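Visitor: Encoded as structure tokens, here's the structure I'll be asking about.
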Amino acid sequence: MDLFDMDEAELAARLQDAFASMTPERSPRAQALHLAAALSGRAAARDRDGQAWTVRVADDGTVNATAADGTVVMGWAAVHQAVPEVLAPFETGTLHRPLVSGAGNEMTVDARTKPTFPFPDDDDLEAAFDHDPRHLADLTAAIADLRRQSEAASVPDRVEQAAVQLRADAPQVPTLALREQEQMWCNAVSCGWVRTDAIVEAADPVWGIINRSGYERSSSWIPRAATELLAEPPSDLPAFLRHHLLNNEGPVDLIAIAGPEGPVYNINSGGAHRTHLFRILGLPWLFATQTALITPWEMTRNIKEADHWQGLIDHGLLHGTVNRRTYVATLHISHCPAPWMLAGPQIAAAYNTAYERAYPGALGRLGVPPHALTDATAWEAWLLTPAAQAAPPARGLRRLLNLLPRAGRDATPRP
Numbered sequence: 032m033d034l035f036d037m038d039e040a041e042l043a044a045r046l047q048d049a050f051a052s053m054t055p056e057r058s059p060r061a062q063a064l065h066l067a068a069a070l071s072g073r074a075a076a077r078d079r080d081g082q083a084w085t086v087r088v089a090d091d092g093t094v095n096a097t098a099a100d101g102t103v104v105m106g107w108a109a110v111h112q113a114v115p116e117v118l119a120p121f122e123t124g125t126l127h128r129p130l131v132s133g134a135g136n137e138m139t140v141d142a143r144t145k146p147t148f149p150f151p152d153d154d155d156l157e158a159a160f161d162h163d164p165r166h167l168a169d170l171t172a173a174i175a176d177l178r179r180q181s182e183a184a185s186v187p188d189r190v191e192q193a194a195v196q197l198r199a200d201a202p203q204v205p206t207l208a209l210r211e212q213e214q215m216w217c218n219a220v221s222c223g224w225v226r227t228d229a230i231v232e233a234a235d236p237v238w239g240i241i242n243r244s245g246y247e248r249s250s251s252w253i254p255r256a257a258t259e260l261l262a263e264p265p266s267d268l269p270a271f272l273r274h275h276l277l278n279n280e281g282p283v284d285l286i287a288i289a290g291p292e293g294p295v296y297n298i299n300s301g302g303a304h305r306t307h308l309f310r311i312l313g314l315p316w317l318f319a320t321q322t323a324l325i326t327p328w329e330m331t332r333n334i335k336e337a338d339h340w341q342g343l344i345d346h347g348l349l350h351g352t353v354n355r356r357t358y359v360a361t362l363h364i365s366h367c368p369a370p371w372m373l374a375g376p377q378i379a380a381a382y383n384t385a386y387e388r389a390y391p392g393a394l395g396r397l398g399v400p401p402h403a404l405t406d407a408t409a410w411e412a413w414l415l416t417p418a419a420q421a422a423p424p425a426r427g428l429r430r431l432l433n434l435l436p437r438a439g440r441d442a443t444p445r446p
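First residue of the sequence shown? That's 32 in this note's numbering, and the numbers climb one at a time after it.
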């Protein structure tokens, strides 16, 4: 394109890009300054105290942390200001700020540019498996209930019926991918028991249908494994579960997607068979490693996405700014309590529905009205409606509230 054909804003953007390419923007010093500025807004947007964390940060940026409830998190931070971002995905919700204490070099001038990828070792996994025995007790009790309800010969039929029901009631969502092609600035991983009903994606996208070659790894594995599980003597069940959830093939490996009242999960690199089995049987807990999905600090997309992002900002669901150019827009993200909302309407709506199943009423408490959660069309229409028009008039709202019993209004106060 000829420079003389550009409007002033586009020309300024092109010149800024050219200038940035000639300056040491990607130097460790510049990265540290950029990160510190970006992450200050992210921390400020979390307005509730979270857990107390004891943290150790090594000179290379490796983070090891333990929460007051015993949760162990490890990861890496490019700058000291990124340490809370390592911990935040494992808080009780995205509105909570980790309360950090411990040793670390807060005076680092340059960003660390060589990430480390710590991961739980066998001792970490064993400790997390045994940390709270109530999870294993709940799981064995649920299996005992299923055993009482099922004759051995009927297990395959029961599994098939349950799979059909799960497909109708809680279909899987697409994999969520938000990471930009930027230099990594933090990563985080933990391990422990997770709510099985919060796993919303399991690699093979239809519950109960696993497309693997070979009899041992195909869909037929699920009813065979269910039959074996329900036939295990109660006295042997804890050891059986330890073997199959921890020691044999290692834990299920998940991606943790933090939300306002707790996480949902995608499959990461292994454990689809066990995830399908536990979800179909309706079992309450599954032991897993959990790698955090880190919300990027900026995203660049087609210009059409700019209105969606601005809608999130206007409705209070996103702290950030949108910069528009002729064909693309860039979103600078301070904080988004439900990061799947940054995706397109189809994916966002699918996650909204799945999240409401796992945490009923959570998105309403965040400010999303019920009618915006029905499907992608309703979600997009609400986003694109100015906030002042999307809310009922105050007088009409008061009139509606006066029709409700006072106890009902006071029973569910907004946070």
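Glycine is no exception: its CB is placed at the ideal position from the N, C-alpha and C atoms. As the structure is a prediction and not an experimental result, all values here were calculated from the model.
In terms of alpha-carbon separation, which member of C217, G293, A319 lies closest to P391?
Guide: When only C-alpha atoms are compared, the closest one is G293.
Visitor: Which same chain residues, not among the five before or five after A319, have their C-beta less than 6 Å away from its C-beta?
Guide: V225, P282, V283, L285
Visitor: Please state whether the Cβ-Cβ distance between L272 and V186 is less than 7 Å.
Guide: no
Visitor: According to DSSP, simplified to helix, strand and coil, what is V110?
Guide: coil
Visitor: Quick one: any contact between the region 369-388 and the region 403-411, if contact means 3 or more CB pairs under 8 Å?
Guide: yes
Visitor: Which residue or residues does DSSP assign as beta-bridge partners of A393?
Guide: DSSP lists no partner for A393.
Visitor: When burial is assigned at 16 or more other CB atoms within 10 Å of the CB, is A68 buried or exposed?
Guide: exposed
Visitor: Quick one, which of D228, A173, L209, I325 has its alpha-carbon nearest D200's?
Guide: D228
Visitor: Using three-state DSSP, classify F271 as helix, strand or coil.
Guide: helix
Visitor: To the nearest angstrom, how far is the alpha carbon of K145 from that of D91?
Guide: 8 Å
Visitor: Look at A98 and Q82 and say whether their C-beta atoms are less than 7 Å apart.
Guide: Closer than 7 Å, so yes.
Visitor: Mind checking which residues open and close the beta strand (DSSP E) that includes S221?
Guide: 217-226
Visitor: Helix, strand or coil: how does DSSP classify S71 here?
Guide: helix
Visitor: Give the DSSP-derived three-state secondary structure of E122 in the structure shown.
Guide: Looking at E122 - three-state DSSP - the assignment turns out to be coil, as it is neither helix nor strand.
Visitor: Buried or exposed, going by whether 16 or more other CB atoms sit within 10 Å of the CB of M372?
Guide: buried
Visitor: Please classify G427: does DSSP put it in a helix, a strand, or coil?
Guide: Here G427 scores only 43 on pLDDT, less than 50, and its place in the model should not be relied on; the value that follows carries that caveat. G427 falls in the helix class under three-state DSSP.
Visitor: Can you give me the Cβ contacts of V190 inside the same chain, cut-off strictly under 8 Å, excluding the 5 residues immediately before and after it?
Guide: G239, I253, P254, A257, I311, L312
Visitor: Count the other CB atoms, across all protein chains shown, that sit within 10 Å of the CB of P55; report buried if there are 16 or more and exposed otherwise.
Guide: Bear in mind that a pLDDT of 43 at P55, under 50, signals an unreliable position, so the model cannot answer this.
Visitor: Going by DSSP, which residues form a beta bridge with F318?
Guide: W224
Visitor: In angstroms, rounded to a whole number, what distance separates the CA positions of P424 and L324?
Guide: Caution is warranted here: a pLDDT of 42 is assigned to P424, below 50, making its placement in the model unreliable, and no coordinate value can be reported.
Visitor: Just reading off the alpha helix (DSSP H) that T171 is part of, what are its end residues?
Guide: 164-180
Visitor: Give the secondary structure of S250 by DSSP, where H, G and I count as helix, E and B as strand, and everything else as coil.
Guide: coil
Visitor: Suppose you measure from the CA of P368 to the CA of T361; what does that come to, to the nearest Å?
Guide: 19 Å
Visitor: Tell me H65's beta-bridge partners as DSSP assigns them.
Guide: Answer is none; H65 lacks a bridge partner.
Visitor: Between the Cα of R178 and the Cα atoms of E411, W413, P265, N333, which residue gives the shortest distance?
Guide: Answer by Cα proximity: P265.
Visitor: Below 7 Å CB to CB, which residues in the same chain sit around L156 once its five sequence neighbours on both sides are set aside?
Guide: C222, L277, P282
Visitor: Closest to E329 by CA distance: which of R73, T93, A61 is it?
Guide: R73
Visitor: In terms of residue numbering, what span does the beta strand (DSSP E) encompassing A98 cover?
Guide: 93-98
Visitor: Which residue comes first and which comes last in the alpha helix (DSSP H) that contains I288?
Guide: Careful: I288 lies outside any alpha helix (DSSP H), inside the beta strand (DSSP E) at 283-288.
Visitor: Can you tell me whether M105 is buried or exposed, with buried defined as 16 or more other CB within 10 angstroms of its CB?
Guide: buried
Visitor: Can you give the Cα-Cα distance for A270 and D188, rounded to whole angstroms?
Guide: 27 Å
Visitor: Using the three-state DSSP reduction, which class does W328 fall into: helix, strand or coil?
Guide: coil
Visitor: Return the first residue and the last residue of the beta strand (DSSP E) that H350 is part of.
Guide: 350-355
Visitor: Chain D beta carbons: is any one of them nearer than 7 Å to that of C367?
Guide: In the structure shown, chain D cannot be found, because there is only a single protein chain.
Visitor: If you drop the 5 nearest sequence neighbours on each side, which residues of the same chain put their C-beta closer than 6 Å to that of H346?
Guide: A418
Visitor: Measuring only the C-alpha atoms, how far is W316 from T306?
Guide: 10 Å
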